[in-house]
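In the numbering used here, the protein residues as written are 29 to 383. Down below is the structure, laid out as C-alpha coordinates.
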(Lines of atoms letter the chains of each structure in order from A; the text may use other names.)
(Lines give C-alpha, C1' and ligand atoms only; values in the text may rest on other atoms or scores of the structure.)
Protein backbone atom coordinates (compact mmCIF):
# COMPACT_ATOMS: atom_id res chain seq x y z
CA UNK A 29 0.00 0.00 0.00
CA UNK A 30 2.86 2.40 0.72
CA UNK A 31 4.26 1.73 -2.73
CA UNK A 32 0.95 2.64 -4.36
CA UNK A 33 0.65 5.88 -2.42
CA UNK A 34 4.24 6.84 -3.28
CA UNK A 35 3.61 6.24 -6.97
CA UNK A 36 0.45 8.31 -7.04
CA UNK A 37 1.99 11.23 -5.14
CA UNK A 38 5.08 11.19 -7.36
CA UNK A 39 2.84 11.06 -10.42
CA UNK A 40 0.86 14.18 -9.52
CA UNK A 41 3.95 16.07 -8.39
CA UNK A 42 5.69 15.31 -11.67
CA UNK A 43 2.62 16.36 -13.68
CA UNK A 44 2.23 19.67 -11.84
CA UNK A 45 5.92 20.58 -12.16
CA UNK A 46 6.34 19.89 -15.86
CA UNK A 47 6.21 22.58 -18.52
CA UNK A 48 5.09 21.49 -22.00
CA UNK A 49 6.98 22.67 -25.12
CA UNK A 50 5.86 21.90 -28.68
CA UNK A 51 6.42 18.19 -28.20
CA UNK A 52 6.33 17.35 -24.52
CA UNK A 53 7.25 14.33 -22.49
CA UNK A 54 6.36 13.45 -18.93
CA UNK A 55 8.21 10.64 -17.21
CA UNK A 56 7.17 8.38 -14.40
CA UNK A 57 9.21 5.42 -13.25
CA UNK A 58 7.18 2.91 -11.26
CA UNK A 59 9.37 1.13 -8.75
CA UNK A 60 8.07 -1.07 -5.94
CA UNK A 61 11.09 -0.47 -3.74
CA UNK A 62 14.22 1.68 -3.56
CA UNK A 63 17.23 -0.41 -4.65
CA UNK A 64 20.34 -0.33 -2.52
CA UNK A 65 23.88 0.21 -3.81
CA UNK A 66 24.52 -3.53 -3.48
CA UNK A 67 21.43 -4.35 -5.54
CA UNK A 68 21.20 -2.04 -8.59
CA UNK A 69 17.77 -1.73 -10.18
CA UNK A 70 16.94 -4.22 -12.94
CA UNK A 71 16.18 -2.89 -16.40
CA UNK A 72 12.54 -1.90 -16.64
CA UNK A 73 10.07 -1.85 -19.49
CA UNK A 74 9.84 1.57 -21.14
CA UNK A 75 6.58 2.64 -22.75
CA UNK A 76 5.71 5.93 -24.46
CA UNK A 77 2.16 7.28 -24.54
CA UNK A 78 1.77 9.45 -27.65
CA UNK A 79 -1.24 11.79 -27.78
CA UNK A 80 -2.48 14.97 -29.45
CA UNK A 81 -4.47 16.84 -26.75
CA UNK A 82 -6.00 19.29 -29.23
CA UNK A 83 -7.40 16.35 -31.18
CA UNK A 84 -8.58 13.91 -28.50
CA UNK A 85 -9.16 16.37 -25.67
CA UNK A 86 -9.49 14.97 -22.16
CA UNK A 87 -8.49 11.52 -23.36
CA UNK A 88 -4.90 12.71 -23.71
CA UNK A 89 -4.43 12.83 -19.95
CA UNK A 90 -6.92 10.13 -18.94
CA UNK A 91 -5.31 7.54 -21.25
CA UNK A 92 -1.93 8.32 -19.71
CA UNK A 93 -3.52 7.78 -16.29
CA UNK A 94 -4.86 4.40 -17.47
CA UNK A 95 -1.42 3.44 -18.78
CA UNK A 96 0.12 4.37 -15.45
CA UNK A 97 -2.44 2.47 -13.39
CA UNK A 98 -2.26 -0.61 -15.61
CA UNK A 99 1.53 -0.85 -15.41
CA UNK A 100 1.28 -0.36 -11.66
CA UNK A 101 -0.98 -3.41 -11.46
CA UNK A 102 0.99 -5.78 -13.69
CA UNK A 103 4.70 -4.96 -13.41
CA UNK A 104 6.21 -5.93 -10.05
CA UNK A 105 9.69 -5.22 -11.43
CA UNK A 106 8.78 -1.67 -12.41
CA UNK A 107 8.01 0.20 -15.62
CA UNK A 108 8.95 3.62 -16.99
CA UNK A 109 6.14 5.60 -18.57
CA UNK A 110 6.74 8.69 -20.70
CA UNK A 111 3.98 10.90 -22.07
CA UNK A 112 4.71 12.61 -25.38
CA UNK A 113 2.20 15.18 -26.60
CA UNK A 114 2.08 16.65 -30.09
CA UNK A 115 0.20 19.72 -31.37
CA UNK A 116 -1.60 17.71 -34.06
CA UNK A 117 -1.56 14.36 -35.86
CA UNK A 118 0.30 15.56 -38.95
CA UNK A 119 3.11 13.37 -40.33
CA UNK A 120 5.65 16.01 -39.30
CA UNK A 121 4.48 16.13 -35.67
CA UNK A 122 4.29 12.35 -35.39
CA UNK A 123 7.72 11.88 -36.98
CA UNK A 124 9.31 14.33 -34.55
CA UNK A 125 7.71 12.58 -31.58
CA UNK A 126 8.73 9.12 -32.77
CA UNK A 127 12.30 10.33 -33.26
CA UNK A 128 12.33 11.62 -29.68
CA UNK A 129 10.85 8.37 -28.40
CA UNK A 130 13.51 6.35 -30.20
CA UNK A 131 16.26 8.66 -28.90
CA UNK A 132 15.09 7.90 -25.35
CA UNK A 133 15.63 4.19 -25.98
CA UNK A 134 11.91 3.41 -25.91
CA UNK A 135 10.61 0.81 -28.35
CA UNK A 136 6.95 0.48 -27.30
CA UNK A 137 4.28 3.12 -27.92
CA UNK A 138 0.62 3.44 -26.96
CA UNK A 139 -0.84 5.77 -29.60
CA UNK A 140 -4.55 6.66 -29.28
CA UNK A 141 -4.89 8.29 -32.68
CA UNK A 142 -7.82 9.10 -34.94
CA UNK A 143 -8.17 7.41 -38.32
CA UNK A 144 -6.43 10.37 -39.94
CA UNK A 145 -3.60 10.22 -37.42
CA UNK A 146 -3.24 6.48 -37.95
CA UNK A 147 -3.01 6.98 -41.71
CA UNK A 148 -0.25 9.53 -41.17
CA UNK A 149 1.52 7.20 -38.74
CA UNK A 150 1.54 4.37 -41.28
CA UNK A 151 3.10 6.68 -43.87
CA UNK A 152 6.19 7.03 -41.64
CA UNK A 153 7.15 3.33 -41.90
CA UNK A 154 8.38 3.17 -38.30
CA UNK A 155 9.62 -0.11 -36.82
CA UNK A 156 8.62 0.77 -33.25
CA UNK A 157 6.15 -1.56 -31.54
CA UNK A 158 2.91 0.48 -31.55
CA UNK A 159 -0.56 -0.25 -30.16
CA UNK A 160 -3.42 1.92 -31.45
CA UNK A 161 -6.41 1.44 -29.09
CA UNK A 162 -8.80 3.73 -30.95
CA UNK A 163 -8.85 2.28 -34.48
CA UNK A 164 -9.82 -1.10 -35.94
CA UNK A 165 -7.51 -3.01 -38.27
CA UNK A 166 -10.39 -3.36 -40.74
CA UNK A 167 -9.77 0.25 -41.77
CA UNK A 168 -6.05 -0.35 -42.37
CA UNK A 169 -5.71 -3.87 -43.72
CA UNK A 170 -2.22 -3.25 -45.11
CA UNK A 171 -0.72 -2.06 -41.80
CA UNK A 172 2.68 -3.63 -40.94
CA UNK A 173 3.08 -6.33 -38.30
CA UNK A 174 4.61 -4.00 -35.71
CA UNK A 175 1.36 -2.03 -35.35
CA UNK A 176 -1.48 -3.66 -33.39
CA UNK A 177 -5.03 -2.30 -33.27
CA UNK A 178 -7.32 -2.39 -30.25
CA UNK A 179 -10.65 -0.78 -31.11
CA UNK A 180 -13.81 -2.69 -30.34
CA UNK A 181 -15.60 -4.05 -33.40
CA UNK A 182 -18.86 -2.19 -33.99
CA UNK A 183 -19.60 -4.24 -37.11
CA UNK A 184 -19.47 -7.51 -35.17
CA UNK A 185 -21.64 -5.96 -32.47
CA UNK A 186 -24.23 -5.05 -35.10
CA UNK A 187 -24.04 -8.60 -36.47
CA UNK A 188 -24.61 -9.95 -32.94
CA UNK A 189 -27.85 -7.96 -32.80
CA UNK A 190 -29.12 -9.31 -36.14
CA UNK A 191 -31.15 -12.22 -34.68
CA UNK A 192 -33.14 -9.66 -32.71
CA UNK A 193 -33.86 -7.34 -35.65
CA UNK A 194 -37.29 -7.39 -37.23
CA UNK A 195 -37.70 -7.28 -41.01
CA UNK A 196 -38.16 -3.54 -40.76
CA UNK A 197 -35.71 -1.32 -38.87
CA UNK A 198 -35.35 2.38 -38.17
CA UNK A 199 -31.89 3.73 -37.39
CA UNK A 200 -31.36 6.93 -35.42
CA UNK A 201 -27.78 8.03 -35.87
CA UNK A 202 -25.61 10.90 -34.72
CA UNK A 203 -24.98 13.43 -37.48
CA UNK A 204 -21.22 12.97 -37.22
CA UNK A 205 -18.54 10.96 -39.00
CA UNK A 206 -18.80 8.12 -36.48
CA UNK A 207 -22.59 8.16 -36.53
CA UNK A 208 -22.72 8.08 -40.32
CA UNK A 209 -20.26 5.19 -40.40
CA UNK A 210 -22.37 3.21 -37.91
CA UNK A 211 -25.49 3.90 -39.96
CA UNK A 212 -23.78 2.71 -43.15
CA UNK A 213 -22.44 -0.43 -41.43
CA UNK A 214 -25.90 -1.24 -40.07
CA UNK A 215 -27.50 -0.86 -43.49
CA UNK A 216 -24.86 -3.06 -45.13
CA UNK A 217 -25.16 -5.80 -42.51
CA UNK A 218 -28.97 -5.65 -42.46
CA UNK A 219 -29.40 -5.81 -46.23
CA UNK A 220 -26.77 -8.55 -46.58
CA UNK A 221 -28.35 -10.82 -43.99
CA UNK A 222 -32.01 -9.88 -44.15
CA UNK A 223 -32.34 -9.24 -47.89
CA UNK A 224 -32.82 -6.15 -50.03
CA UNK A 225 -36.62 -6.34 -49.84
CA UNK A 226 -36.60 -5.62 -46.12
CA UNK A 227 -37.31 -2.10 -44.92
CA UNK A 228 -34.48 0.16 -43.76
CA UNK A 229 -35.03 3.79 -42.80
CA UNK A 230 -32.58 6.19 -41.16
CA UNK A 231 -32.93 9.45 -39.24
CA UNK A 232 -30.03 11.82 -38.54
CA UNK A 233 -30.19 13.37 -35.07
CA UNK A 234 -28.79 16.90 -34.95
CA UNK A 235 -26.12 17.91 -32.39
CA UNK A 236 -28.62 19.11 -29.75
CA UNK A 237 -31.27 16.51 -30.48
CA UNK A 238 -33.76 19.22 -31.44
CA UNK A 239 -35.22 17.20 -34.32
CA UNK A 240 -36.11 14.15 -32.22
CA UNK A 241 -39.69 15.40 -31.75
CA UNK A 242 -40.21 15.88 -35.49
CA UNK A 243 -38.72 12.45 -36.27
CA UNK A 244 -41.28 10.85 -33.95
CA UNK A 245 -44.24 12.98 -35.03
CA UNK A 246 -45.89 9.91 -36.61
CA UNK A 247 -45.40 7.24 -33.95
CA UNK A 248 -47.47 4.60 -35.75
CA UNK A 249 -44.85 4.27 -38.49
CA UNK A 250 -42.41 2.83 -35.94
CA UNK A 251 -44.76 0.17 -34.59
CA UNK A 252 -43.37 -3.38 -34.68
CA UNK A 253 -40.03 -2.12 -35.98
CA UNK A 254 -36.64 -2.65 -34.42
CA UNK A 255 -35.37 0.80 -33.47
CA UNK A 256 -31.57 1.13 -33.50
CA UNK A 257 -29.81 3.86 -31.55
CA UNK A 258 -26.43 4.99 -32.88
CA UNK A 259 -26.41 8.13 -30.74
CA UNK A 260 -24.75 8.95 -27.40
CA UNK A 261 -26.51 8.21 -24.15
CA UNK A 262 -28.18 11.60 -23.61
CA UNK A 263 -29.82 11.54 -27.06
CA UNK A 264 -30.70 7.86 -26.63
CA UNK A 265 -32.43 8.72 -23.37
CA UNK A 266 -34.40 11.53 -25.04
CA UNK A 267 -35.40 9.21 -27.87
CA UNK A 268 -36.50 6.41 -25.56
CA UNK A 269 -38.50 8.77 -23.35
CA UNK A 270 -40.23 10.44 -26.30
CA UNK A 271 -41.05 7.07 -27.85
CA UNK A 272 -42.84 6.18 -24.62
CA UNK A 273 -44.57 9.57 -24.51
CA UNK A 274 -45.87 9.33 -28.10
CA UNK A 275 -46.99 5.72 -27.72
CA UNK A 276 -44.58 4.01 -30.12
CA UNK A 277 -45.06 0.24 -29.94
CA UNK A 278 -41.69 -0.90 -31.24
CA UNK A 279 -40.58 -4.52 -31.34
CA UNK A 280 -37.38 -3.62 -29.51
CA UNK A 281 -34.64 -1.01 -29.19
CA UNK A 282 -31.12 -2.11 -30.13
CA UNK A 283 -27.77 -0.43 -29.60
CA UNK A 284 -24.04 -1.02 -29.40
CA UNK A 285 -21.21 -0.12 -27.02
CA UNK A 286 -22.06 3.58 -27.22
CA UNK A 287 -24.96 3.05 -24.79
CA UNK A 288 -23.27 0.76 -22.27
CA UNK A 289 -23.25 3.68 -19.89
CA UNK A 290 -24.62 3.90 -16.32
CA UNK A 291 -26.07 7.31 -17.20
CA UNK A 292 -28.64 5.47 -19.31
CA UNK A 293 -30.09 4.06 -16.08
CA UNK A 294 -30.28 7.52 -14.51
CA UNK A 295 -31.67 9.42 -17.49
CA UNK A 296 -34.49 7.01 -18.39
CA UNK A 297 -37.37 5.36 -16.61
CA UNK A 298 -37.37 1.58 -16.66
CA UNK A 299 -40.43 1.41 -18.93
CA UNK A 300 -38.54 3.57 -21.46
CA UNK A 301 -35.73 1.02 -21.75
CA UNK A 302 -37.41 -2.29 -20.94
CA UNK A 303 -37.25 -3.40 -24.60
CA UNK A 304 -33.59 -2.46 -25.06
CA UNK A 305 -30.86 -4.91 -26.01
CA UNK A 306 -27.29 -3.60 -26.09
CA UNK A 307 -24.12 -5.26 -27.39
CA UNK A 308 -21.11 -5.07 -25.07
CA UNK A 309 -17.46 -6.07 -25.49
CA UNK A 310 -16.02 -4.99 -22.14
CA UNK A 311 -16.23 -8.38 -20.49
CA UNK A 312 -12.87 -9.40 -19.06
CA UNK A 313 -11.41 -7.54 -16.06
CA UNK A 314 -8.15 -8.94 -14.63
CA UNK A 315 -8.28 -8.12 -10.89
CA UNK A 316 -4.82 -6.54 -10.82
CA UNK A 317 -5.63 -4.17 -13.67
CA UNK A 318 -9.15 -3.35 -12.50
CA UNK A 319 -8.08 -2.61 -8.92
CA UNK A 320 -5.21 -0.30 -9.82
CA UNK A 321 -7.37 1.65 -12.26
CA UNK A 322 -10.21 1.91 -9.74
CA UNK A 323 -7.71 3.31 -7.23
CA UNK A 324 -6.96 6.17 -9.64
CA UNK A 325 -10.63 6.64 -10.61
CA UNK A 326 -10.04 5.46 -14.18
CA UNK A 327 -13.20 4.12 -15.79
CA UNK A 328 -12.32 0.94 -17.66
CA UNK A 329 -15.66 -0.72 -16.90
CA UNK A 330 -17.75 1.47 -19.23
CA UNK A 331 -15.33 3.63 -21.25
CA UNK A 332 -14.14 1.43 -24.11
CA UNK A 333 -11.27 3.77 -25.08
CA UNK A 334 -9.85 3.48 -21.55
CA UNK A 335 -10.45 -0.27 -21.58
CA UNK A 336 -8.71 -0.75 -24.93
CA UNK A 337 -5.81 1.39 -23.71
CA UNK A 338 -5.33 -0.89 -20.70
CA UNK A 339 -5.40 -3.88 -23.07
CA UNK A 340 -2.72 -2.16 -25.13
CA UNK A 341 -0.43 -1.46 -22.19
CA UNK A 342 -0.79 -5.07 -21.06
CA UNK A 343 0.17 -6.21 -24.57
CA UNK A 344 3.19 -3.90 -24.77
CA UNK A 345 4.51 -4.94 -21.35
CA UNK A 346 4.12 -8.58 -22.36
CA UNK A 347 6.07 -7.98 -25.57
CA UNK A 348 8.85 -6.09 -23.78
CA UNK A 349 9.25 -8.46 -20.84
CA UNK A 350 8.43 -11.74 -22.57
CA UNK A 351 5.74 -12.45 -19.96
CA UNK A 352 2.15 -13.70 -20.34
CA UNK A 353 -0.57 -11.12 -20.86
CA UNK A 354 -3.15 -10.57 -18.14
CA UNK A 355 -5.96 -10.12 -20.66
CA UNK A 356 -6.72 -13.32 -22.53
CA UNK A 357 -8.44 -11.91 -25.64
CA UNK A 358 -6.79 -13.23 -28.78
CA UNK A 359 -4.86 -10.97 -31.12
CA UNK A 360 -5.49 -12.13 -34.69
CA UNK A 361 -3.88 -10.45 -37.70
CA UNK A 362 -2.74 -7.60 -35.44
CA UNK A 363 -6.25 -6.89 -34.11
CA UNK A 364 -7.57 -7.60 -30.62
CA UNK A 365 -10.63 -9.85 -30.86
CA UNK A 366 -13.11 -8.86 -28.18
CA UNK A 367 -15.96 -11.07 -26.99
CA UNK A 368 -19.51 -9.82 -27.42
CA UNK A 369 -22.36 -10.26 -24.98
CA UNK A 370 -25.90 -8.93 -25.19
CA UNK A 371 -27.20 -7.03 -22.17
CA UNK A 372 -30.47 -5.54 -21.00
CA UNK A 373 -30.54 -2.31 -18.96
CA UNK A 374 -32.64 -3.41 -16.01
CA UNK A 375 -33.86 -1.45 -12.98
CA UNK A 376 -30.46 -1.08 -11.34
CA UNK A 377 -27.85 -2.30 -13.81
CA UNK A 378 -27.01 -4.15 -17.00
CA UNK A 379 -27.85 -7.86 -17.00
CA UNK A 380 -27.16 -10.61 -19.56
CA UNK A 381 -29.95 -11.22 -22.05
CA UNK A 382 -31.87 -14.36 -21.15
CA UNK A 383 -32.82 -16.79 -23.94
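Every residue gets a Cβ at the ideal spot worked out from N, C-alpha and C, and that includes glycine. All of these numbers come straight from a predicted model, not from anything done at the bench.
Per DSSP, the unbroken alpha helix (DSSP H) holding residue 271 starts and ends at 261-274. DSSP places residue 335 inside the alpha helix (DSSP H), whose first and last residues are 332-349. DSSP, read as helix, strand or coil, puts residue 328 in coil. The three-state reading of DSSP puts residue 88 in helix, counting H, G and I together. Distance between residue 327 and residue 379, taken at the CA atoms: about 19 Å.
A direct Cα-Cα distance of roughly 8 Å separates residue 305 from residue 280. Cβ neighbours of residue 117 within its own chain (closer than 7 Å, five residues either side excluded): 80, 83, 141, 142, 144, 145 and 148. Per DSSP, reduced to three states, the secondary structure at residue 366 is coil, with no helix or strand assignment.
Looking at 232, 320 and 123, the one whose alpha-carbon comes closest to that of residue 150 is 123.
In the three-state DSSP reduction, residue 238 falls in the coil class, being neither helix nor strand. Burial is judged here by how many other beta carbons sit within 10 angstroms of a residue's own beta carbon; residue 373 has at least 16 and is buried. Only residues of its own chain outside the window of five on either side were considered, and among them 75, 136, 138, 157 and 159 have a CB closer than 7 Å to the CB of residue 344, listed in chain order.
No Cβ-Cβ contact shorter than 8 Å links residue 287 with residue 311. Residue pairing by DSSP places residue 201 opposite 232 and 258 in a beta bridge. The distance from the Cβ of residue 258 to that of residue 207 is about 6 Å, consistent with a contact at the 8 Å cut-off. For residue 120, there is no enclosing beta strand (DSSP E); the enclosing alpha helix (DSSP H) covers residues 119-131.
DSSP lists 379 as the beta-bridge partner residues of residue 372.
Contact between residue 253 and residue 179 is absent: CB atoms are separated by about 29 Å, not below the 8 Å threshold. Around the Cβ of residue 164, a 10 Å sphere holds 16 or more other Cβ atoms; the residue is buried. Straight through space, the alpha carbons of residue 176 and residue 169 are spaced by roughly 11 Å. Per DSSP, the unbroken beta strand (DSSP E) holding residue 157 starts and ends at 157-160. The C-alpha of residue 189 lies about 9 Å from the C-alpha of residue 284. The bridge partners DSSP lists for residue 251 come to none. Boundaries of the beta strand (DSSP E) around residue 138: 136-138. The straight-line gap separating the alpha-carbon atoms of residue 364 and residue 181 is approximately 9 Å.
When Cβ pairs closer than 8 Å are counted between the two stretches, the stretch 128-135 is seen not to touch the stretch 84-101, the count staying below three.
For residue 248, the closest C-alpha among the options 100, 198, 87 and 334 is that of 198.
Selection 114, 109 and 369 evaluated against residue 134 yields 109 as nearest (Cα-Cα). Under the three-state reduction of DSSP, residue 218 is assigned to helix.
Looking at the DSSP output, residue 304 bridges to 281. Between the beta-carbon of residue 339 and that of residue 355 there is about 5 Å, and that keeps the pair under the 8 Å contact cut. Counting the other CB atoms within 10 Å of its CB gives residue 101 a total of 16 or more, which places it among the buried residues.
Using a 10 angstroms sphere on the CB of residue 73, the tally of other CB atoms reaches 16 or more, which defines it as buried.
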